[in-house]
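Enquirer: My questions all concern the structure below.
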Amino acid sequence: MADDPALELSSSNVAGTSGLGQQPTTSYSASSSSGLSRRHLLLDKLDEVALKLVDSAQFKTHKYFRVAVPQAITGQSLVQVIQETFVVEDGADALHMATILLHYGYLFPVIEQSQVVKEDNTLYRLQLHTSGLLIPNKPKLWNMLST
Numbered sequence: 001m002a003d004d005p006a007l008e009l010s011s012s013n014v015a016g017t018s019g020l021g022q023q024p025t026t027s028y029s030a031s032s033s034s035g036l037s038r039r040h041l042l043l044d045k046l047d048e049v050a051l052k053l054v055d056s057a058q059f060k061t062h063k064y065f066r067v068a069v070p071q072a073i074t075g076q077s078l079v080q081v082i083q084e085t086f087v088v089e090d091g092a093d094a095l096h097m098a099t100i101l102l103h104y105g106y107l108f109p110v111i112e113q114s115q116v117v118k119e120d121n122t123l124y125r126l127q128l129h130t131s132g133l134l135i136p137n138k139p140k141l142w143n144m145l146s147t
């Protein structure tokens, strides 16, 4: 096992410690930095999708029993808006895109907690403030909603 180059500690994969009690510093490989750039690209695309949804969807106050839920959209309306805005022919693809937005925190269910967007009257809200915090030098998108 000592002959395995992946298991050996050297100056190339551990920068070392400079004193007693300090944590070792490590350098990241090219694969982790490309992973970060891929994540940034994905979040940029999801930002664009979320902003287009803000422009095209009708977020309004819905009544759920005696509770008023402001700035919400039903799952059925959300899937329809995604189909119209992004020219998605299949409803299952639009539902999948909405579920991806839910998984990345751009959408969240208001009443029923679920990991999948339902194409019914379940209420969802759009949450854009996380994307501005994840990527530096980007405007806070939730400020755009308030204007």
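Using full-length UniProt numbering, you'd call the opening residue of the sequence shown number 1 and step up by one each time. Idealized CB from N, CA, C, for every residue including glycine.
#1: Which term fits residue 117, buried or exposed, when burial requires 16 or more other beta carbons within 10 angstroms of its beta carbon?
#2: Do the CB positions of residue 111 and residue 64 come within less than 7 Å of each other?
#3: Given that a residue counts as buried once 16 or more other Cβ atoms are within 10 Å of its Cβ, and exposed if not, what is residue 72?
#4: With a cut-off of 8 Å, do at least 3 Cβ pairs link the stretch 79–98 to the stretch 36–48?
#5: Enumerated in chain order, which unbroken segments of the alpha helix (DSSP H) with a length of 4 residues or greater are wholly contained in the UniProt domain "DEP" (47–128)?
#6: Going by beta-carbon coordinates alone, are residue 54 and residue 62 separated by less than 7 Å?
#7: So is residue 91 buried or exposed if we call it buried at 16+ other beta carbons inside 10 Å?
#8: Alpha carbon to alpha carbon, how far is residue 124 from residue 37?
#9: Within the same chain, show all residues whose beta-carbon is closer than 6 Å to that of residue 59, passing over the 5 residues directly before and after it, in chain order.
Expert: For this structure:
#1: So residue 117 counts as buried.
#2: Contact flag set, yes.
#3: Looking at its Cβ environment, which holds 16 or more other Cβ atoms inside 10 Å, residue 72 is buried.
#4: No, because fewer than three Cβ pairs between the stretch 79–98 and the stretch 36–48 fall closer than 8 Å, the two stretches do not touch.
#5: The qualifying runs are 75–85, 91–103.
#6: When the beta-carbon positions are compared, residue 54 and residue 62 stay at least 7 Å from each other.
#7: Exposed, by the Cβ-count rule.
#8: Taking the straight line from one Cα to the other gives about 29 Å.
#9: 71, 73.
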